[in-house]
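Here is the structure we will look at, set down as structure tokens.
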């Protein structure tokens, strides 16, 4: 796991980018519930390039954004025919990032009984069509880490979007498709956090979820489907 480590010392924090929490949702796993990755895999994602899930634009989105841009930038702005293409997008996108202050990570590595830090998990919004763990609404937690009164471990996760994550309908389910796969991705990531975040100095009993827009709605869904298992106390 720690082979995925990408050290960033400018903000006195380590950034572990693109840690795989789910097997690639392709082939037979496309439109299926996510599953944990193989534990004996030989290829390790080194976090050298960003990974995001395929993006989509709902039919009404370009018109809404066009009005906003025209209001700010002038009437000549047009988004007609625009597509949301990103070279970073891949169906193999079930990754998360962990950012941990250097002193927390170094302490836990030198002393396994060191005090664990609270964990903040970010779920991005975007109408379940757009967004990523590294998007504009996620970004770097460096400012929070600098301004906060207490150190904490930050986690941001990807989940499937659009048809890959939220396709539904009788024919779809009859053929074996799983509805709300994107929410199940979030769930698997929360399970990963409970199983592994202590290795980074995070306290599994001190996990707080935060989200914006669709990410905020996701928090409600994750709370109501807990089924007696609590992956986050706050």
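In UniProt numbering, the protein residues as written are 1 to 234.
Ideal placement from N, C-alpha and C gives every residue a C-beta, glycine not left out.
A quick note: this is a predicted structure, and the numbers were derived from the prediction, not measured.
Which listed residue (the options) has its alpha carbon closest to that of residue i
i, options, result
"residue 214", "168, 122 and 19", "122"
"residue 33", "232, 152, 187 and 223", "187"
"residue 199", "232, 112 and 51", "112"
"residue 131", "26, 56 and 224", "56"
"residue 125", "151, 193, 161 and 106", "161"
"residue 101", "91, 154 and 50", "154"
"residue 27", "164, 203 and 212", "164"
"residue 209", "119, 169 and 31", "119"
"residue 117", "110, 39 and 103", "103"
"residue 168", "18, 180 and 91", "180"
"residue 37", "30, 49 and 24", "24"
"residue 156", "171, 54, 224 and 97", "97"
Span of the beta strand (DSSP E), counted from its first residue to its last, around residue i
i, result
"residue 154", "153-157"
Residue i (DSSP reduced to helix, strand or coil)
i, result
"residue 213", "coil"
"residue 13", "strand"
"residue 203", "strand"
"residue 39", "coil"
"residue 82", "At residue 82 the pLDDT is 49, less than 50, meaning the model places this residue with poor confidence; the figure from the coordinates comes in the next sentence. Coil."
"residue 221", "helix"
Start-to-end residues for the alpha helix (DSSP H) that takes in residue i
i, result
"residue 189", "181-196"
Strand pairing of residue i, partner residues [DSSP]
i, result
"residue 52", "89"
"residue 19", "96"
Runs of 3 residues minimum, wholly inside the segment 92-178: which ones carry the beta strand (DSSP E) assignment? 95-101, 117-123 and 153-157
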